[in-house]
Every structure is written in C-alpha cells, then in structure tokens.
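In our numbering, the protein residues as written are 4 to 326.
Each residue gets a CB set at the ideal place from its N, CA and C atoms; glycine is no exception.
If you're wondering where the values come from, they're calculated on a predicted model, not measured in any experiment.
Notes for the one structure printed next.
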Amino acid sequence: MTDLSAALQNTPRPQNASALKNTPTPQNASALQNTPVPHSARALQNTPALQSVLTPQTTADTPPLQRQAPLRKFWFDDVPPRDSIAAERRYRQERLAVAFRLFARYGFDQGLAGHITARDPEWPDHFWVNPFGKHFSRIRVSDLLLVNAQGEIVIGEGPVNQAAFAIHAAIHEARPDVIAAAHTHSLYGKAWSTLGRTLDPLTQDSCAFYQDHTLFDDFRGVVLDTDEGARIAAALGERKAVILKNHGILTAGPSVEAAAWWYIALDNACHAQLLAEAAGTPQTIPHDVAALTHEQVGRAGGALFAFQSLLEGLVEAEPDVLT
Ligand SMILES: [Zn+2]
C-alpha cells in the first residue's frame, strides 16, 4: 500500500448521509461572520465591495426591479441587407479581413499556406483574397486583393498565392451560391486528412457536417492549375466542406461568416474525433438523430451568428483590421 492510499484510508469520513446531516452548520449569516476565518479572508470581508455583497442593503433609492412584457425569442434578429453594391462589398471585405485575424488566433497560420476568398458583388467572377506572404494576424481591409477569372490582380499589389487562385476560382465558378471559401493547413484538419476518411457523427457539433462533407482522395502535390481546382470543386459538389487527403480541409458557404465559421468548426470536429479515437472507441450518433441535428446546427444562419460573436471582440481589440 502506498503512503497516499494509507493516508486516505486513515482519514475520518462520515458513515452515511445522516451523519452528514448531523454536521453542525451555521444557522444564519451572523453565525457565518463569527466563524473563524484566515487572516486574508477576514481582510477581504472588510472591503466595502464585499461587505455590500455579504449584507445587501435596500434603500429608498433602490428602484424596484421591473419585468418587461413576457417575450418568446429563440433566434437572432436578421442581419439587415446591404442597400448598395458598395455597402455589400465593404461588408464582405470587413468580414474577410476579420476572418484572417480569427484564423491567426486559432493557429490556422501554418507557413505561407492558407487563403479565404470572398466573391465580389459587382463582378461575380472576381474574388477578394489575402496577399501571399502577409501574416493573417496583420491583414487589414486595405490589404485585400481583387483577382479576376484569369488570376490577374485588378485591385491591390499582390502577389497572389497561385494555389489560392487555382482552388478558389474553380469553386467560385462551379458553385454560384458560394460567396466565400476557406482553406488552410490547420493542424487537426491536416492530421485527420491523412486517415483518408470523412468524419463520423460523434458529437452535436460535428453533426453540422453530417452527410455534408466529403473526401478528395487525389493528392498530387501543390495545387497550381485550375484543372485540379475543378476536380476539388467536383468532389465538393453541393456540400459545405471537403477533406483534402494528405493536405488539409476546405469549407465553402453562402457568406464569409459561414465559410469562416464552418472552417473553425470543421477543424474542431477533426480535433474531437482524433482525441476520441486516441482514447477509445467512440459511439456514433444514429443516422436519424444525426440528420435531424444537422438540420438544427448546420445552417448558414447559425454560422453567421457564431462568427458575429467572434467578430465583435476582435474588432474591439484590433480596430485596425477595418482600415
Ligand atoms: Zn493547401
């Protein structure tokens, strides 16, 4: 027997619940105040702020708490539509720049790899993208490049990542409903991609991707031409995500917010399944429940608001992102 387990066995313990009930307890707050406390705790009790919590005072100046008319509200207010091309463009640019800053915070910034694109609202075969070599944590709206269907930069100085054009141009062309697409070499997505499998419905969160992502099993080195981009787009089909075997993960959505949030969520789902399989044999969610949960947690509206909750804190901490 170890010293620790011997010590534990010798610790006096209550025999049962009734013994616990017989333990003397302070009868009221004044009894509590009389309980001997360590010096530091007594010092805390003497601070005005804590005193006011310990002995709340109701005075004539304290307004009574008024309840509002009962309200049922289980969803968010809709984001109002932008009323001009310029406003829509600015909206997408701001969220795109914020998405890069968020990706840096999540650690999705391995080397020079990674790109998020947003379709331009005026020229739908053009998209906004990050300049090659600029760290995600430093990207501002004014750094974004506008690239045309030939891969030429028409606004901004560049350079542009050739793989970003090869992959994203094909996806934007194949999927008119896709406003934004995101791809980096984030650690857990990349690690999961080596297994050559799609994710199982293991958790409520991972059900966002249930029957809504696929595997691209044709790695041929760095993607440099749009033919390979087109094959990735074909594999993606109408889904929201694709796992690029031996490479990483990619998401696409009807808004910058959706594509970016789904990327964060997909990397998290890869992480969760890697942990679960390393620890044991995970139990999957049955098909009917997984399909229902996908409808509940996999919608673009939910992704938009998940992203919005991250955007507010980031812009407050790093306001230069919008410059
Ligand atoms: Zn890549």
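From the DSSP output, which residues share a beta bridge with residue i?
| i | result |
| --- | --- |
| R122 | F130 |
| T217 | V245 |
| T254 | A185 and A244 |
| A150 | The question names Ala, but residue 150 in the sequence shown is Val. In the DSSP output, where bridge partners are listed per residue, V150 has F130 and I156. |
Compute the distance between the beta-carbons of residue i and residue j, then report whether it is under 8 Å.
| i | j | result |
| --- | --- | --- |
| I344 | A121 | Limits of the chain in this structure are 4 at one end and 326 at the other, which puts residue 344 out of reach. |
| D215 | R242 | yes |
| A167 | V144 | no |
| G199 | D220 | yes |
| N151 | H118 | no |
| V157 | L149 | yes |
| R178 | A90 | no |
With respect to 7 Å, is the separation between the Cβ of residue i and the closest non-hydrogen atom of ligand 1 below this value?
| i | result |
| --- | --- |
| H171 | no |
| H250 | yes |
| A116 | yes |
| A166 | yes |
| H188 | yes |
Distance, Cα to Cα, residue i vs residue j?
| i | j | result |
| --- | --- | --- |
| D203 | L278 | 13 Å |
| S258 | E280 | 33 Å |
| L307 | A72 | 29 Å |
| H129 | K137 | 21 Å |
| Q69 | A63 | 16 Å |
| V226 | V245 | 15 Å |
| G161 | F135 | 7 Å |
| D180 | A236 | 13 Å |
| G283 | R93 | 47 Å |
| S312 | P127 | 28 Å |
| W265 | P67 | 44 Å |
| D123 | P322 | 23 Å |
| K193 | F222 | 13 Å |
| I88 | G232 | 28 Å |
For residue i, which residues of its own chain have a beta-carbon under 8 Å away from its beta-carbon, when the five flanking residues on both sides are left out?
| i | result |
| --- | --- |
| G301 | C210, A211, F212, Y213, D215 and K243 |
| L317 | V101, R104, L105, R108 and V324 |
| T326 | R143, V144 and S145 |
| G110 | S189 and L190 |
Take residue i and list the residues in its own chain whose beta-carbon comes closer than 7 Å to its own, dropping the five residues that flank it on each side.
| i | result |
| --- | --- |
| H188 | Q113, A116, G117 and G251 |
Which same chain residues end up closer than 6 Å to residue i when comparing Cβ atoms and leaving out the 5 residues on each side of it in sequence?
| i | result |
| --- | --- |
| A184 | T120, H171, I174, A255 and A262 |
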